[in-house]
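Using our numbering, the letters of the sequence shown correspond one by one to residues 113 to 298.
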Amino acid sequence: MGRIKQSVCWWCFARRGIQPERLIKEAAAIGFASIEMAPQQYWDAIREQGLRIAIIVGHRSLTDGLNRRENHSRIEEELLANMELAVKYDIPSLICFSGNRRGLSDEQGIENTVEGLQRVVKAAEEKGINLCIELLNSKVDHPDYQCDRTWWGVEVCKRVNSPRVKLLYDIYHMQIMEGDLIRTIT
113 MGRIKQSVCW
123 WCFARRGIQP
133 ERLIKEAAAI
143 GFASIEMAPQ
153 QYWDAIREQG
163 LRIAIIVGHR
173 SLTDGLNRRE
183 NHSRIEEELL
193 ANMELAVKYD
203 IPSLICFSGN
213 RRGLSDEQGI
223 ENTVEGLQRV
233 VKAAEEKGIN
243 LCIELLNSKV
253 DHPDYQCDRT
263 WWGVEVCKRV
273 NSPRVKLLYD
283 IYHMQIMEGD
293 LIRTIT
């Protein structure tokens, strides 16, 4: 497949009735480098086919995320446990979610998200695991999601100030929210 290391996102195919074993074998045969967000029960099978697991969901839930302090203890526990699994299975990254706004200002959401990430960033640095906060659209698929614009996610990363905290920049979602992707990311 050339120099680009392409990956298959599990849920895009699993929901279409494709048998998991077939998905894994076909991904390897085609030449994909990895599979994203596969259920843990398939991790050994993925690795047996010579594929990596590129990223997994680091914590529940997309709507109840890091932007709420009351979620921090639960998320810290989940992220630390998933970091251990990530080390064991050579998974480089965990997805993190801001959560829905529910009336929270952007500034307060950023502050809370930064505080939540700071609780686990040292462990991520020590283990070499990336914490990737995902940008999602709030116009179509995820109404009220807070990390829905590039600047918001970038600000979180700047304030945490760790090489292990990154953005998961999904062009589908950001095209819906911002359009003009090239000017946004350059």
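Every residue, glycine too, gets a C-beta built ideally from N, C-alpha and C.
- Cβ-Cβ distances below 8 Å link Val252 to Ile288 in the same chain, with the five nearest sequence neighbours on each side left out; the list follows chain order.
- Just measuring C-alpha positions, the residue of Ile142, Ala126, Leu216, Leu135 sitting nearest Gln118 is Ile142.
- When the alpha-carbon of Ser250 is set against those of Phe209, Glu238, Arg180, Val232, the nearest one is in Phe209.
- Excluding five sequence positions before and after Tyr154, the CB atoms of its chain that fall closer than 7 Å to its own CB belong to Pro132, Ile136, given in chain order.
- Distance between Arg186 and Thr175, taken at the CA atoms: about 14 Å.
- Here Leu206 carries a strand assignment [DSSP, helix/strand/coil].
- DSSP, reduced to helix, strand and coil, places Ser185 within a helical segment of the structure shown.
- In the same chain as Glu290, and ignoring 5 residues on each side of it, the C-beta atoms closer than 7 Å to its own belong to Arg261, Thr262, Thr296, in chain order.
- Judged by pairs of C-beta atoms under 8 Å, the region 178-197 touches the region 228-246, as three or more such pairs exist.
- As for any alpha helix (DSSP H) of minimum length 4 sitting wholly inside the region 132-207, the runs are 132-142, 155-160, 184-200, ordered along the chain.
- With a cut-off of 8 Å on Cβ pairs, the region 197-213 is in contact with the region 162-174, counting three or more such pairs.
- Leu280 carries a strand assignment under DSSP once its states are collapsed to helix, strand and coil.
- Straight-line spacing of the CA atoms in Gly129 and Val199 works out to 30 Å.
- For the options Arg115, Glu219, Ala139, the alpha carbon positioned closest to that of Glu160 is the one of Ala139.
- No Cβ-Cβ contact shorter than 9 Å links Ile158 with Ser205.
- Leu293 sits exposed, since fewer than 16 C-beta atoms from the chains shown fall within 10 Å of its C-beta.
- Contact between Leu280 and Cys269 fails: their C-beta atoms lie close to 11 Å from each other, not under 8 Å.
- Per the DSSP secondary-structure output, Val120 pairs in a beta bridge with Ile147.
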